[in-house]
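Worksheet: one structure, shown below.
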Amino acid sequence: MPSPRLAARAVILHHDRLLLVNAWPGHRSDLWCAPGGGVERGSSLPDNLAREVHEECGLSVSIGAPCLINEFHDPRGTFHQVEVFFRATITGGELSDDWRDPEGVVHKRRFFARDEVQRLNLKPSSLPGAAWGAGLLYDPLEPIKR
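In terms of the numbering used here, the sequence shown opens at residue -19 and continues consecutively.
Given below as C-alpha coordinates:
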(Lines of atoms letter the chains of each structure in order from A and count residues from 1; the text may use other names and numbers.)
(Lines give C-alpha, C1' and ligand atoms only; values in the text may rest on other atoms or scores of the structure.)
Protein backbone atom coordinates (compact mmCIF):
# COMPACT_ATOMS: atom_id res chain seq x y z
CA MET A 1 0.00 0.00 0.00
CA PRO A 2 1.41 3.45 -0.88
CA SER A 3 2.41 5.94 1.80
CA PRO A 4 0.10 8.87 2.53
CA ARG A 5 0.50 11.86 0.22
CA LEU A 6 1.64 15.09 1.90
CA ALA A 7 0.09 18.40 0.83
CA ALA A 8 0.32 22.02 1.98
CA ARG A 9 -2.62 24.44 1.76
CA ALA A 10 -3.02 28.18 2.33
CA VAL A 11 -5.59 29.82 4.58
CA ILE A 12 -5.79 33.31 3.10
CA LEU A 13 -8.19 35.82 4.62
CA HIS A 14 -8.31 39.10 2.70
CA HIS A 15 -10.76 41.76 3.94
CA ASP A 16 -12.30 38.99 6.11
CA ARG A 17 -13.01 36.86 3.02
CA LEU A 18 -11.52 33.38 2.54
CA LEU A 19 -9.79 32.43 -0.71
CA LEU A 20 -10.99 29.09 -2.07
CA VAL A 21 -10.42 27.19 -5.30
CA ASN A 22 -12.36 24.60 -7.23
CA ALA A 23 -9.76 22.03 -8.20
CA TRP A 24 -11.70 19.51 -10.24
CA PRO A 25 -10.56 19.15 -13.84
CA GLY A 26 -13.38 19.34 -16.31
CA HIS A 27 -15.70 21.10 -13.84
CA ARG A 28 -16.78 17.67 -12.49
CA SER A 29 -17.58 18.83 -8.94
CA ASP A 30 -18.74 21.86 -6.97
CA LEU A 31 -16.28 21.04 -4.16
CA TRP A 32 -14.20 24.00 -2.92
CA CYS A 33 -10.94 23.86 -0.96
CA ALA A 34 -8.03 26.03 0.08
CA PRO A 35 -5.34 26.59 -2.57
CA GLY A 36 -2.28 24.38 -2.38
CA GLY A 37 -1.21 20.91 -3.30
CA GLY A 38 1.28 18.12 -3.16
CA VAL A 39 4.70 18.64 -1.68
CA GLU A 40 7.78 18.15 -3.84
CA ARG A 41 10.70 16.36 -2.20
CA GLY A 42 13.63 18.60 -1.25
CA SER A 43 11.54 21.77 -0.84
CA SER A 44 10.08 23.06 2.44
CA LEU A 45 6.33 23.04 3.06
CA PRO A 46 6.18 26.88 2.95
CA ASP A 47 8.19 27.02 -0.29
CA ASN A 48 5.95 24.35 -1.86
CA LEU A 49 2.88 26.24 -0.74
CA ALA A 50 4.02 29.60 -2.11
CA ARG A 51 4.68 27.89 -5.48
CA GLU A 52 1.27 26.18 -5.49
CA VAL A 53 -0.65 29.36 -4.62
CA HIS A 54 1.10 31.20 -7.44
CA GLU A 55 0.41 28.41 -9.94
CA GLU A 56 -3.26 28.10 -8.97
CA CYS A 57 -4.13 31.74 -8.29
CA GLY A 58 -1.43 34.02 -9.70
CA LEU A 59 -0.74 35.43 -6.24
CA SER A 60 2.49 35.89 -4.31
CA VAL A 61 2.12 35.09 -0.62
CA SER A 62 3.99 35.21 2.64
CA ILE A 63 3.56 31.96 4.58
CA GLY A 64 2.85 32.11 8.31
CA ALA A 65 2.14 29.58 11.04
CA PRO A 66 0.28 26.29 10.63
CA CYS A 67 -3.39 26.48 11.68
CA LEU A 68 -4.88 23.10 10.70
CA ILE A 69 -3.77 19.55 10.05
CA ASN A 70 -6.30 17.50 8.12
CA GLU A 71 -6.16 13.98 6.78
CA PHE A 72 -8.56 12.13 4.57
CA HIS A 73 -8.70 8.86 2.68
CA ASP A 74 -10.70 6.85 0.19
CA PRO A 75 -12.15 3.89 2.10
CA ARG A 76 -12.73 2.13 -1.24
CA GLY A 77 -9.14 2.57 -2.42
CA THR A 78 -5.59 3.32 -1.34
CA PHE A 79 -5.65 7.15 -1.39
CA HIS A 80 -4.67 8.80 1.93
CA GLN A 81 -3.60 12.45 2.16
CA VAL A 82 -2.27 14.49 5.07
CA GLU A 83 -2.64 18.25 4.61
CA VAL A 84 -0.91 20.98 6.61
CA PHE A 85 -2.74 24.32 6.36
CA PHE A 86 -0.73 27.51 6.91
CA ARG A 87 -1.97 31.04 7.40
CA ALA A 88 -0.80 33.13 4.44
CA THR A 89 -0.87 36.79 3.44
CA ILE A 90 -1.03 38.14 -0.10
CA THR A 91 2.09 40.13 -0.98
CA GLY A 92 1.47 40.59 -4.71
CA GLY A 93 -0.89 39.95 -7.58
CA GLU A 94 -4.67 39.99 -7.96
CA LEU A 95 -7.22 37.32 -8.72
CA SER A 96 -8.14 37.27 -12.39
CA ASP A 97 -10.50 35.13 -14.42
CA ASP A 98 -7.81 35.19 -17.11
CA TRP A 99 -5.26 33.35 -14.91
CA ARG A 100 -4.65 29.75 -15.96
CA ASP A 101 -3.31 27.05 -13.67
CA PRO A 102 -0.42 25.52 -15.66
CA GLU A 103 -1.54 22.04 -14.56
CA GLY A 104 -5.11 22.77 -15.63
CA VAL A 105 -6.60 21.57 -12.34
CA VAL A 106 -7.90 24.78 -10.75
CA HIS A 107 -10.49 26.47 -12.95
CA LYS A 108 -12.20 28.74 -10.38
CA ARG A 109 -10.79 30.86 -7.58
CA ARG A 110 -12.74 33.26 -5.43
CA PHE A 111 -12.94 35.03 -2.07
CA PHE A 112 -15.95 34.09 0.08
CA ALA A 113 -17.49 35.82 3.09
CA ARG A 114 -17.96 33.72 6.23
CA ASP A 115 -21.71 33.27 5.68
CA GLU A 116 -21.13 32.19 2.05
CA VAL A 117 -18.57 29.57 3.11
CA GLN A 118 -21.19 27.89 5.31
CA ARG A 119 -23.33 27.15 2.23
CA LEU A 120 -20.53 25.66 0.09
CA ASN A 121 -19.62 22.09 -0.65
CA LEU A 122 -16.31 22.49 1.21
CA LYS A 123 -13.52 20.26 2.42
CA PRO A 124 -12.34 19.99 5.03
CA SER A 125 -15.39 20.98 7.02
CA SER A 126 -13.05 22.26 9.76
CA LEU A 127 -11.58 24.93 7.43
CA PRO A 128 -13.87 27.82 8.49
CA GLY A 129 -13.00 27.19 12.15
CA ALA A 130 -9.31 27.35 11.32
CA ALA A 131 -9.68 30.40 9.08
CA TRP A 132 -11.65 32.54 11.51
CA GLY A 133 -10.33 30.92 14.69
CA ALA A 134 -7.04 30.82 16.52
CA GLY A 135 -4.55 28.13 17.36
CA LEU A 136 -3.90 24.85 15.63
CA LEU A 137 -6.72 22.39 14.87
CA TYR A 138 -6.43 18.70 14.02
CA ASP A 139 -9.14 17.16 11.84
CA PRO A 140 -8.73 13.36 12.02
CA LEU A 141 -9.08 10.86 9.22
CA GLU A 142 -12.27 11.37 7.22
CA PRO A 143 -13.59 9.72 4.05
CA ILE A 144 -12.81 11.50 0.79
CA LYS A 145 -15.63 13.57 -0.69
CA ARG A 146 -16.34 13.55 -4.40
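In this text, a Cβ means the ideal position worked out from N, Cα and C, and glycines have one as well.
Is it buried or exposed for residue i, if we count other Cβ within 10 angstroms and need 16 for buried?
{"i": "Pro(-18)", "result": "exposed"}
{"i": "Gly18", "result": "exposed"}
{"i": "Phe66", "result": "buried"}
{"i": "Phe59", "result": "exposed"}
{"i": "Glu35", "result": "buried"}
{"i": "Leu29", "result": "buried"}
Between the alpha carbons of residue i and residue j, how many angstroms are there, rounded?
{"i": "Arg56", "j": "Lys103", "result": "19 Å"}
{"i": "Ala14", "j": "Glu96", "result": "15 Å"}
{"i": "Cys37", "j": "Leu48", "result": "21 Å"}
{"i": "Leu0", "j": "Leu100", "result": "10 Å"}
{"i": "Ala128", "j": "Leu75", "result": "No statement about residue 128 is possible, as the shown extent of the chain runs from -19 to 126 and does not include it."}
{"i": "Val12", "j": "Arg90", "result": "According to the sequence as given, residue 12 is Trp; it is not Val. Roughly 10 Å between the two C-alpha positions."}
{"i": "Leu116", "j": "Asp77", "result": "32 Å"}
{"i": "Asn2", "j": "His87", "result": "6 Å"}
{"i": "His(-6)", "j": "Pro(-16)", "result": "31 Å"}
{"i": "Asp10", "j": "Trp4", "result": "8 Å"}
{"i": "Gly80", "j": "Leu121", "result": "Reading off the sequence, residue 80 comes out as Arg, not Gly. If I take the Cα positions, the gap works out to 32 Å."}
Using a threshold of 9 Å, state whether the C-beta atoms of residue i and residue j are closer than that.
{"i": "Leu107", "j": "Gln61", "result": "no"}
Could you say which of the options lies nearest to residue i if we only look at CA atoms?
{"i": "Gly72", "options": "Val85, Ile(-8), Ala(-12)", "result": "Ile(-8)"}
{"i": "Ala93", "options": "Arg(-11), Ala(-10), Ala(-12), Arg(-3)", "result": "Arg(-3)"}
{"i": "Glu83", "options": "Ala110, Glu32, Arg21, Asp119", "result": "Glu32"}
{"i": "Val64", "options": "Trp4, Arg80, Ala110, Asp10", "result": "Ala110"}
{"i": "Ala45", "options": "Asp54, Arg8, Ser23, Ala(-12)", "result": "Ala(-12)"}
Taking the runs of the alpha helix (DSSP H) that are 4 residues or longer, which of them lie wholly in the segment 22 to 54?
-> 25 to 37
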